[in-house]
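**Q** Okay, here's the structure, questions in a sec.
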Amino acid sequence: EAQVTQNPRYLITVTGKKLTVTCSQNMNHEYMSWYRQDPGLGLRQIYYSMNVEVTDKGDVPEGYKVSRKEKRNFPLILESPSPNQTSLYFCASSFKGPDTQYFGPGTRLTVL
Amino acid sequence: GIQVEQSPPDLILQEGANSTLRCNFSDSVNNLQWFHQNPWGQLINLFYIPSGTKQNGRLSATTVATERYSLLYISSSQTTDSGVYFCAVGASGTYKYIFGTGTRLKVLA
């Protein structure tokens, strides 16, 4: 089944404890992206990747890192999480940039 | 950067009614998608429609790129249509995506 998977789905952590949210797609898509969703703000793009080893900032990259070492994986790294990073995070992928995006199920992160 | 505005912000309908949701954008785009976020938080693709008109069952969408807007039509609404509808655009010349703040739809039985 074609899909985008994210892990974990739910995470409660404490300020400053490094964490990684994984994202994987099995559709051989070139483009992958991370978004965060906050009440009243809709979805905002954090980072995106056009292909392996090619990444760029979205609108809200501060406090996040990404890497794209393999085509199928695009992990989101929070090196020192803070409470303002409490949010619902979505990973998405598409065949190429300007194309239909498919979203993962979301990861609900709480930073205490 | 490009601005995306959706209207109305909230909509309550009786089952069976029709509705039109609007998405305005401030600059030329190379990509426009409509999504439905269901009450469980899942984001579901509805249409990829940077221009033209598409239909899928009770839903249809039209994008007039030259006038910088897109419309999503829902006919004979059902309670399962409830949720939030987002449009997302990719600004021409970039690979960034910008989402509107959504239209929250509630369909009453």
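Quick mapping for you: the protein sequence lines, in order, are chains A and B. Residue numbering for the first sequence follows the numbering used here, beginning at 1229 and increasing consecutively. Residue numbering for the second sequence follows the numbering used here, beginning at 407 and increasing consecutively. Note that beta-carbon positions come from the ideal geometry of N, C-alpha and C, so glycine has one too.
#1: Between the region 494-513 of chain B and the region 408-416 of chain B, are three or more C-beta pairs nearer than 8 Å?
#2: Take T1248(A) and list the residues in its own chain whose beta-carbon comes closer than 6 Å to its own, dropping the five residues that flank it on each side.
#3: Give the secondary structure of E1290(A) by DSSP, where H, G and I count as helix, E and B as strand, and everything else as coil.
#4: Let me make sure I understand the geometry here. Which of P1236(A), V1339(A) and G1325(A) has the alpha-carbon closest to that of G1291(A)?
#5: Closest by CA to V495(B), which one among S466(B), G447(B), Q461(B) and S457(B)?
#6: Across the region 1267-1275 of chain A and the region 1239-1258 of chain A, are there enough close Cβ pairs to call them in contact, namely three or more that are closer than 8 Å?
#7: Taking a contact to mean a Cβ-Cβ separation below 8 Å, would you say C493(B) touches Q439(B) in this structure?
#8: Hey, does P1236(A) have any beta-carbon neighbour from chain B nearer than 8 Å?
#9: Is D1284(A) helix, strand or coil when you go by DSSP?
#10: Who are the Cβ neighbours of S498(B) in its own chain at under 8 Å, not counting the five residues just before and after it?
#11: Residues of chain A with CB closer than 8 Å to the CB of T507(B), please, in chain order.
#12: Less than 8 Å between the beta carbons of C1319(A) and M1278(A), yes or no?
#13: Going along chain A in order, which residues have a C-beta closer than 8 Å to the C-beta of N437(B)?
#14: Quick one: which residues of the region 467-494 of chain B get their C-beta closer than 7 Å to a C-beta of chain A? List them in chain order.
#15: Go through the region 446-501 of chain B residue by residue and report every complete run of the beta strand (DSSP E) that reaches 3 residues or more, in order.
#16: Work out the CA separation of Y503(B) and F1331(A) for me, nearest whole Å.
#17: Out of curiosity, what's the CA-to-CA distance linking L427(B) and R1336(A)?
#18: Name the chain B residues whose beta carbon is nearer than 7 Å to that of P1333(A)?
#19: With a cut-off of 8 Å, does the C-beta of M1383(A) fall near any C-beta of chain B?
#20: What is the C-beta distance between K1297(A) and V1280(A), in whole angstroms, given that I count them as a contact (C-beta under 8 Å)?
#21: Establish whether the CB of N451(B) and some CB of chain A are separated by less than 8 Å.
#22: From A467(B) to I455(B), what does the alpha carbon distance come to, in whole angstroms?
#23: Which bits of chain B does Q1313(A) rub up against, with CB to CB less than 9 Å?
**A** The short version:
#1: yes
#2: Your numbering for residue 1248(A) matches position 20 in the first sequence. Hits under 6 Å: P1303 and I1305.
#3: As a position in the first sequence, residue 1290(A) is number 62, starting the count at 1. Three-state result, E1290(A): coil.
#4: Residue mapping note: residue 1291(A) aligns to position 63 of the first sequence, counting from 1. Checked all of P1236(A), V1339(A) and G1325(A); the closest Cα to G1291(A) is V1339(A).
#5: As a working mapping, residue 495(B) is identified with position 89 in the second sequence. The candidate whose alpha carbon is nearest that of V495(B) is S457(B).
#6: no
#7: Taking the first residue of the second sequence as 1, we reach residue 493(B) at position 87. Taking the first residue of the second sequence as 1, we reach residue 439(B) at position 33. Yes, Cβ-Cβ distance for C493(B) and Q439(B) is below 8 Å.
#8: Along the first sequence, read from residue 1 onward, the residue named residue 1236(A) stands at position 8. Cβ-Cβ to chain B under 8 Å: no for P1236(A).
#9: Sequence index remark: in the first sequence, residue 1284(A) carries index 56 (1-based). Strand.
#10: Looking up residue 498(B) in the second sequence gives position 92. Cβ neighbours of S498(B) beyond the five flanking positions: D433, S434, V435 and N436.
#11: If you number the second sequence from 1, residue 507(B) lands on position 101. Going along chain A in sequence order, the residues near T507(B) (Cβ under 8 Å) are G1268, L1269 and G1270.
#12: Along the first sequence, one-based indexing puts residue 1319(A) at 91. Along the first sequence, one-based indexing puts residue 1278(A) at 50. No, these two residues do not count as a Cβ contact at 8 Å.
#13: Taking the second sequence and counting its residues from 1, one reaches residue 437(B) at position 31. Those within 8 Å of N437(B) in chain A are G1325, P1326 and D1327.
#14: F492
#15: 449-454, 458-462, 465-470, 475-480 and 489-497
#16: The sequence position of residue 1331(A) within the first sequence is 103, counting from 1. The sequence position of residue 503(B) within the second sequence is 97, counting from 1. In a straight line, the C-alpha of F1331(A) is about 13 Å away from that of Y503(B).
#17: For this step, residue 427(B) is matched to residue 21 along the second sequence. For this step, residue 1336(A) is matched to residue 108 along the first sequence. Their backbone Cα atoms lie some 28 Å apart in a straight line.
#18: If you number the first sequence from 1, residue 1333(A) lands on position 105. Chain B residues near P1333(A): Q448.
#19: Outside the displayed range of chain A (1229 to 1340) lies residue 1383(A), so it cannot be described from this structure.
#20: Locating residue 1297(A) in the first sequence gives position 69, counting from the first residue. Locating residue 1280(A) in the first sequence gives position 52, counting from the first residue. K1297(A) to V1280(A), Cβ: 7 Å. Contact.
#21: The residue you call residue 451(B) lines up with position 45 of the second sequence. At least one chain A Cβ lies under 8 Å of N451(B).
#22: Taking the second sequence and counting its residues from 1, one reaches residue 467(B) at position 61. Taking the second sequence and counting its residues from 1, one reaches residue 455(B) at position 49. Going by the C-alpha atoms only, they are around 8 Å apart.
#23: Counting from 1 along the first sequence, the entry for residue 1313(A) is found at position 85. Ordered by position in chain B, no residue passes the 9 Å Cβ test against Q1313(A), which lies about 18 Å from the chain.
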